[in-house]
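Chains as they are written, first to last, in the working numbering: chain D, 292 to 643; chain G, 292 to 643.
Beta carbons are placed, not taken as given, at the ideal position from N, Cα and C, and that holds for glycine.
2 protein chains.
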Amino acid sequence: MKLVVVGATGAVGSVIMAILDERDLAISELVPVATARSAGSTLAHRGTTVTVRLLEPAVFDGADVAIFDVPDEVSHEWAPVAAGRGATVVDNSAAWRMAPDVPLVVPEVNPETALAPARGIIASPNCTMLTLVVPLAPLHRAAGVRRVIVSSYQSASGAGKPGVDELWAQVRQAAGSPEGTVTAGRAREVLGTGTAFAHPLALNVIPRIGSAQVGGYTSEEVKLAEETFKVLGLADLQMSATCVRVPTMVGHGVSVHAEFERPIGVEEARAVLTAAQGVELRDDTAAHVYPTPLEAAGRDAVFVGRIRQDPHDPRALAWFAVTDNLRKGAALNTIQIAELVASRLSDGQQGP
Amino acid sequence: MKLVVVGATGAVGSVIMAILDERDLAISELVPVATARSAGSTLAHRGTTVTVRLLEPAVFDGADVAIFDVPDEVSHEWAPVAAGRGATVVDNSAAWRMAPDVPLVVPEVNPETALAPARGIIASPNCTMLTLVVPLAPLHRAAGVRRVIVSSYQSASGAGKPGVDELWAQVRQAAGSPEGTVTAGRAREVLGTGTAFAHPLALNVIPRIGSAQVGGYTSEEVKLAEETFKVLGLADLQMSATCVRVPTMVGHGVSVHAEFERPIGVEEARAVLTAAQGVELRDDTAAHVYPTPLEAAGRDAVFVGRIRQDPHDPRALAWFAVTDNLRKGAALNTIQIAELVASRLSDGQQGP
């Protein structure tokens, strides 16, 4: 199939290119696309080089699938152009996720929704939501989830390459500064601030991601809840999220407290998660085995550990999960969706 | 009064010495005490120097108050020695906090319990618990708390000076390393590990603090719950905590979800917290005003922001709070308790 990757030179786009090299999606032609700043440069692809093209309608001619990792407004404009030329769009922005006629797909959870996208557009979810929902979905199938309280530990790369660059610059500033200065009200001056984050992120945590919304929740927290409702098909799930940026480069963590319809113990939860697709257990607290961002980096699974039954409510479980937000949280999920589309296309070619 | 400070040269002890200089506790004699490694050295105190003495029974002779910031086992052995010689002990370890005949005191919450300690020992709570309970207590008095779900963002200094030194060493390693290496499974090798933390902490989060307990909770999580129950006097409070170390130097954060007996909105919560002792509101999410560790460092208040009413439960509030764990979370709270004891002593001297 002919695959177009729009945003191929960005933080997630680079990971998409790397993962395509690792997996066996049958690609007859790969077209990386970017803005004028990168167009004309070349990228490695499965032992050859491919030239980055400028985003224009003609790049989608004859394309089977177009993966987009671009800002919402670019996707809003260009996804319909690609779909109009016959490509199935797999979009990683927030532009289409909540549209009623656009499926929001987590291949381990609701793959069937990818098979007939009404508008030719399939949305891939928010990276923190994937960390939450990949283990939550099988537990929900087992015991029926009714309430989720979640606090996140999100890395700088969730803000793209500018986020990573800004945190690296601040880490270098911190390393070169006298120890006392960063903890004596002089942090902003010593560490510096940039455009990705409103406060210094090195040696700090920032409990706001996205914009402030009505009711005090942020856009990131609203997305996390709404996308969870949509993927699980649960309009009446109760959820309250707090999204926090922490000074890690890669890997989003979530501390989850979930109430189910019936009692569920740690052993049953472990059995369910061991059998679940896309989940790896790291759950031996006594032996210091639990998910961490540095161990999740570069890996594909959602890692789950610290599984506990609420001592006051046998129907509630707590756990901690981490996934590489650039891989499963973004690039890998879009490629898994493209693989679902490819299998549908090849089924179609085989005829009835 | 004669004040003894045991552990005066440690991470918290140094802050105790600094805060004593700032506040007006009437001290006739100050005796700093430490182990053999520091005994004989001198410390600055209110414009003079005082000599650090070795821990032995005689240092408590004639003492009115002895503040202890030492490991649990040292406190277990030596607090009764000091109390036996007539000093009122204010202890910052976990050794005495849950003893039924030892009051656990947060001066803003339950100062009355400090007035007549049966064994001559008063315990000061865990630093994360203080960040939780200083705003929770007035909200509880207003609306009756019945359930708390909390996830923490705890700094390296919670593990003392070894924790701070270990994180600084790793930050310097990270700053001198190629960017890719810390995120490609080589973190342990590149950043190094030490004795304070089981995994690299720089550019990472570690979702275990303390030892693993029955049921999968950690000792830190159990302490956080039990101390909250004791300070609020609520044996039937439902609580589930997840304690996570993050790569900050100073300042413990908590993401709190609390259910109350009746509906409580954001405006009422803000009014309660504005009137509360020891709390400062930082609650304007749209303007990027919310608590952060770097802004809390070196300050005395518990900073509270991101106050939200749960969209699915009008009886539940979420908020984010941060305090300097070395000051209010440890040193300041013990000094505030010493001030309560001093006022009791001077009331007693005035006679009936």
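The stretch 580 to 592 of chain D makes contact with the stretch 483 to 495 of chain G, as at least three CB pairs between them are under 8 angstroms. Below the 7 angstroms Cβ cutoff, chain D contributes I440 and S531 as neighbours of H548(G), in chain order.
When DSSP reads this structure, Q600(D) sits in a beta bridge with L608(D).
In terms of Cα proximity to T340(D), the closest of L427(D), V322(D), A354(D) and P602(D) is V322(D). Leaving aside the five residues that flank A460(G) on each side, none in its chain has a CB nearer than 6 angstroms to its CB.
Here V372(D) is near P348(D), since their CB atoms are less than 8 angstroms apart. DSSP places G298(D) outside both helix and strand once states are collapsed to three, so it counts as coil. Note on geometry: alpha-carbon atoms of D352(D) and A374(D) lie some 10 angstroms from one another. I440(D) is positioned such that its CB atom lies closer than 8 angstroms to that of H548(G). Per DSSP, the continuous beta strand (DSSP E) segment holding S531(D) begins and ends at Q529 to T533. Among the CB atoms of chain G, none fall inside 8 angstroms of the CB of Q445(D). Distance between T519(G) and W387(D), taken at the CA atoms: about 44 angstroms. Residue-level contact check: D312(D) does not touch chain G, since none of the beta carbons of chain G fall below 8 angstroms from its beta carbon. Taking C-beta separations shorter than 8 angstroms and ignoring five residues to either side along the sequence, the partners of I626(D) in its chain run I307, I310, L311, R314, L316 and I358, following chain order. Look at V380(G) here: in three-state DSSP terms it is strand.
Cα atoms of L564(G) and T484(G): separation of roughly 41 angstroms, rounded to the nearest angstrom.
Linking V425(D) to G569(G) through their CA atoms gives a straight-line distance of about 41 angstroms. In chain order, V462 make up the part of chain G whose C-beta sits under 7 angstroms from the C-beta of A465(D). Q464(G) and V613(G) have their alpha carbons spaced roughly 28 angstroms apart.
With fewer than three CB-CB distances shorter than 8 angstroms, the stretch 391 to 409 of chain D does not count as touching the stretch 499 to 516 of chain D. Take A621(G), set aside five residues on each side of it, and the residues of its chain with a beta-carbon closer than 6 angstroms to its own are V303, N383 and C418, in chain order. Cβ contact annotation for A414(D) (same chain, cutoff 6 angstroms, sequence separation greater than five): D382, W387, R388, V393 and L395, in chain order. Annotation: the stretch 520 to 594 of chain D contains the following complete segments of the beta strand (DSSP E) (minimum length 3 residues), in chain order: 529 to 533, 543 to 551 and 570 to 572.
Taking 7 angstroms as the cut-off between beta carbons, the residues of the stretch 474 to 500 of chain G near chain D are T474, A475, G476, A478, A489, H490, P491, L494, N495, V496, I497, P498 and R499, in sequence order. For A567(D), the CB contacts under 6 angstroms within the same chain, skipping 5 residues up- and downstream, are P429 in chain order. Residue nearest to R438(D) within the set V455(D), A532(D) and E480(D) is A532(D) (criterion: CA-CA distance). Taking the C-beta atoms as reference points, L528(D) is found no nearer than 8 angstroms to M420(D).
Taking C-beta separations shorter than 7 angstroms and ignoring five residues to either side along the sequence, the partners of L572(G) in its chain run R561, L564, T565, V595 and G596, following chain order.
Exposed is the label assigned to E470(D), since fewer than 16 other Cβ atoms lie within 10 Å of its Cβ. Against chain D, the beta carbon of D604(G) has neighbours under 9 angstroms at R438, Q529 and S531, listed in chain order. If you check the CB distance, V324(G) and R344(G) come in under 8 angstroms.
Residues V295, V322, V324 and R344 of the same chain have their beta carbon placed closer than 7 angstroms to that of V350(G), with the five preceding and five following residues left out of the count. Bridge pairing for E512(D): absent [DSSP]. Residue range T333 to H336 is occupied by the beta strand (DSSP E) that includes H336(G).
M540(G) belongs to the set of residues whose beta carbon lies under 8 angstroms from a beta carbon in chain D.
Its chain contains A493 as the residues whose beta carbon lies nearer than 6 angstroms to that of V462(G), once the 5 sequence neighbours on both sides are disregarded; these appear in chain order.
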